[in-house]
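Numbering (numbering that gives the first Met the number 0), first residue to last: 0 to 56. Backbone N, C-alpha and C define an ideal beta-carbon position, used for all residues, glycine too. If you're wondering where the values come from, they're calculated on a predicted model, not measured in any experiment. Written out below as structure tokens is the structure these notes cover.
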Amino acid sequence: MDPEEQLKEMEMEFQEVRDDLKEMLFDIRAYLMEAQTPIPNDLEKEKLRDELEAGRR
């Protein structure tokens, strides 16, 4: 394999890794933004609903 082909292969691999990392970072960002918002998210609403139902029993 000549150096030019190796370079192209490495660039393609780098692009795949870069895209994967970008997706992971967006997921982390969305998670953090949801965790920091003062508006209750769906998980918190469900937890509160379960606690209320448990208290009524």
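Cα separation between residue i and residue j?
| i | j | result |
| --- | --- | --- |
| residue 18 | residue 7 | 17 Å |
| residue 1 | residue 21 | 30 Å |
| residue 49 | residue 34 | 20 Å |
| residue 14 | residue 38 | 37 Å |
| residue 31 | residue 42 | 14 Å |
| residue 51 | residue 29 | 28 Å |
| residue 11 | residue 27 | 25 Å |
| residue 55 | residue 47 | 13 Å |
| residue 44 | residue 5 | 53 Å |
Is the CB of residue i under 8 Å away from at least one CB in chain D?
| i | result |
| --- | --- |
| residue 55 | Reference to chain D is not applicable here, since this structure consists of a single protein chain. |
Which residue comes first and which comes last in the alpha helix (DSSP H) that contains residue i?
| i | result |
| --- | --- |
| residue 0 | Note, residue 0: premise wrong, no alpha helix (DSSP H); not H, not E. |
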